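A quick write-up on the structure given underneath.
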Ligand code: AMP
Ligand code: AMP
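In our numbering, the protein residues as written are 6 to 356.
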């Protein structure tokens with residue numbers, strides 16, 4: 006358990022608990038999935054963002070706060086009083102920050118230890134290397150750029166602020182014009198291929214790794230730039246950017262599946278070695294680019310539910326093969342939580 010181990014309720018009745026999350030990202034899916042498993046749900050919304058959580062009846066209760074900064078001890082005490090289990094997602098981590106998440110005393114689904122391995126680029130790279138994954142080359146400094154690279158500023162949210170450059174001069178041209186103040190960035194080899202996000206679920210209760218679904222992203226302007234002629238792109242000086250707008254479902258070539266299962270297994274195994282204890286569990290995603298030679302390059306690990314699972318609220322072609330009910334990643338988490346509560350194994354799924 007982490008530094009802020011919660012006191013766990015002794016109850017083995019899932020009805021004594023409530024599944025809670027922040028209203029954004031994949032909250033609709035998470036809350037619906039919990040309801041489908043017969044659990045109560047709570048959505049914590051920022052003022053002005055409640056509408057979807059009222060319009061779609063997935064939250065049994067809504068707590069509104071003025072801003073994420075207003076997430077305070079009082080709110081946390083309230084969550085503890087209600088036996089709330091918080092499910093983190095991308096926006097949760099982005100708004101709360103790692104330090105606050107680590108200190109949280111309310112019950113938190115997932116490993117907290119893995120957060121530092123995922124958020125620190127060099128640690129994440131060690132994790133991926135040890136797992137034997139194919140990785141894009143990393144450039145130590147802009148002067149080394151000798152082919153197309155993608156530049157990622159630290160904390161760039163949802164792909165906003167990424168750009169592509171081919172030479173050191175091009176790099177400085179964009180950097181000095183658009184991001185003169187920012188010096189915390191990573192430079193990665195640009196892999197030519199199709200982006201593919203692999204959605205995994207590893208259950209500490211069943212000990213099984215599942216592939217739930219796949220998506221590709223709908224990014225602005227990377228996904229629209231091809232709608233105008235190359236010469237018009239040049240005249241308009243359009244730089245490719247990767248702001249996430251939505252997600253599109255994908256079904257992969259079936260012969261790629263064995264390798265993908267294998268990749269997931271290794272990431273889990275190494276996570277246990279590097280952070281000790283439980284390692285990574287629950288939903289996670291390998292963010293990849295697949296080349297024309299069918300090489301799968303991984304550029305990032307996301308150690309929680311990704312929003313690319315949202316098209317599959319009614320289940321995916323893959324979960325349809327395994328479950329006799331529509332199984333989303335949100336529902337899969339709720340099922341694991343429910344089983345853990347019933348078996349008195351709550352500790353195994355909390356961080
Ligand atoms: P939001 O709550 O939509 O402002 O998103 C906060 C953060 O969550 C973003 O900066 C992204 O990193 C991530 N995020 C939100 N929606 C998506 C999505 N559909 N796909 C991938 N990442 C997302
Ligand atoms: P991210 O926000 O890290 O998930 O990345 C946003 C987008 O940048 C991805 O969907 C890809 O289109 C693109 N991308 C990231 N890294 C690479 C890379 N090394 N090579 C090619 N494209 C990349």
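Just so you know, even glycine gets a beta-carbon here, dropped at the ideal spot from N, CA and C. Computed from a prediction, not measured in an experiment: that's the story for all the values here.
Assigned exposure category for residue i - 16 Cβ within 10 Å defines buried
i: residue 359; result: Because the chain here runs from 6 to 356, residue 359 falls outside it and cannot be looked at.
i: residue 213; result: exposed
i: residue 170; result: buried
i: residue 349; result: exposed
i: residue 288; result: buried
i: residue 93; result: buried
i: residue 144; result: buried
i: residue 220; result: buried
i: residue 30; result: buried
i: residue 152; result: exposed
i: residue 259; result: exposed
i: residue 283; result: buried
i: residue 239; result: exposed
i: residue 253; result: exposed
i: residue 12; result: exposed
i: residue 298; result: exposed
i: residue 114; result: buried
i: residue 235; result: exposed
i: residue 117; result: buried
i: residue 42; result: buried
i: residue 351; result: buried
i: residue 177; result: exposed
i: residue 61; result: exposed
Neighbourhood of residue i by C-beta distance below 6 Å, restricted to the same chain and skipping five residues each side
i: residue 18; result: none
i: residue 136; result: 271, 272 and 275
i: residue 246; result: 226
i: residue 358; result: Residue 358 cannot be examined here, being either before or after the span of the chain that is shown, 6 to 356.
i: residue 207; result: 214, 273 and 286
i: residue 200; result: 221 and 294
Closer than 7 Å: residue i CB and nearest ligand 2 heavy atom
i: residue 167; result: yes
i: residue 155; result: yes
i: residue 371; result: Nothing in the structure corresponds to residue 371, since the chain is present only between 6 and 356.
i: residue 206; result: no
i: residue 227; result: yes
i: residue 194; result: yes
i: residue 340; result: no
i: residue 304; result: yes
i: residue 100; result: no
i: residue 164; result: yes
i: residue 134; result: no
i: residue 292; result: yes
i: residue 173; result: no
Secondary structure of residue i, DSSP reduced to three states
i: residue 287; result: strand
i: residue 134; result: helix
i: residue 328; result: coil
i: residue 177; result: helix
i: residue 311; result: coil
i: residue 103; result: helix
i: residue 406; result: The shown model of the chain, from 6 to 356, leaves out residue 406, and the question about it has no answer.
i: residue 236; result: helix
i: residue 209; result: coil
i: residue 298; result: coil
i: residue 190; result: strand
i: residue 35; result: helix
i: residue 183; result: helix
i: residue 112; result: strand
i: residue 84; result: helix
i: residue 251; result: strand
i: residue 6; result: Annotation note: pLDDT 46 at residue 6 (below 50); position unreliable, no value reported.
i: residue 263; result: helix
i: residue 435; result: Here the chain covers residues 6 to 356 and nothing more, so residue 435 does not appear.
i: residue 219; result: strand
Own chain residues within Cβ distance below 7 Å of residue i, not counting five before or after
i: residue 126; result: 191
i: residue 72; result: 51
i: residue 164; result: 224, 247, 248 and 249
i: residue 69; result: 50, 52 and 55
Residue i beta carbon near ligand 1 (any heavy atom closer than 7 Å)
i: residue 308; result: no
i: residue 95; result: yes
i: residue 32; result: no
i: residue 29; result: yes
i: residue 222; result: yes
i: residue 188; result: no
i: residue 5; result: What is shown of the chain runs 6 to 356, which leaves residue 5 out entirely.
i: residue 252; result: yes
Contact belief for residue i with residue j at Cβ below 8 Å, rounded distance in angstroms
i: residue 209; j: residue 354; result: 6 Å
i: residue 314; j: residue 204; result: 5 Å
i: residue 32; j: residue 58; result: 7 Å
Test: residue i CB closer than 8 Å to a CB of chain B
i: residue 229; result: In the displayed structure, chain B is absent; only one protein chain is listed.
Sequence-distant residues of its chain with Cβ nearer than 8 Å to residue i (five each side left out)
i: residue 24; result: 35, 36, 39, 44, 45, 46, 47, 89, 90, 92, 339 and 342
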